[in-house]
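For the sequence shown, the positions run -18 to 111 when our numbering is used.
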Amino acid sequence: MKKGFISLEYILIFSAVLMIFSVLLITIDNLYNKNLSAIDTKNLYQSSTKIQEIISFQELQTISLNKIKLNPNDCWYFKKISSKEISLENKKNVYKIYSRKTIILQEKEVCSERYLIIKKDDNNIYLYLE
């Protein structure tokens, strides 16, 4: 073998090591994204149940104001289903929120950490972001 030349075995070993590292990197990235999605779904569920609890409690009061912190990893969307029903959803899951009073929804999308103000006044429940 002459000096300055690389043998075929070294090239094959190097390409095999490079392929193993690329497969590991892709696997780690997929697991990380699945974990973020699971965390976002858990946060969405907890927030929707908390909103439902607050709305149910506010229906019994005359005037009330509550604030909860929303912390989405991805965008969450509020959608009005009827005058007394809304949904809180992300790309995968949908959670419905019901009320006996009319729900007035100000904003439709949450993409960063914000506070949701839930206010009952004049027999209506208002939802808006701060």
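Every residue, glycine too, gets a C-beta built ideally from N, C-alpha and C. Bear in mind that the values here come from a model prediction, so they are computed numbers and not experimental data.
**Study point:** According to DSSP, residues forming a beta bridge with THR83
**Key:** Paired residue(s): ASN105.
Practice item. Compare the beta carbon distance of LYS73 and SER28 with 8 angstroms and say whether it is the shorter of the two. Key: Going by C-beta atoms, LYS73 is not nearer than 8 angstroms to SER28.
Exercise for review: Taking SER64 as the reference, give the member of GLU70, LYS77 and ASN16 with the closest Cα.
Suggested key: LYS77
Practice item. Spatial neighbours of ASP55 within its chain, please: CB distance less than 7 angstroms, with the 5 preceding and 5 following residues excluded, ordered by chain position. Key: ASP21, ASN71 and LYS72
Check your understanding: Between TYR79 and the rest of its own chain, which residues show a CB-CB distance below 6 angstroms, the 5 nearest in sequence each way excluded?
Key -> Answer for TYR79: GLU66, listed in chain order.
Check your understanding: Run through DSSP, which three-state label would ILE7 get?
Key -> helix
Point to revise | Collapsed DSSP secondary structure at LEU25 in the structure displayed | key: Correct three-state label for LEU25: helix.
Practice item. Check whether the Cβ atoms of ILE36 and ILE85 lie closer than 8 angstroms to each other. Key: no
Check your understanding: Would the segment 44 to 53 and the segment 87 to 97 be scored as touching if the rule is three or more Cβ pairs under 8 angstroms?
Key -> yes
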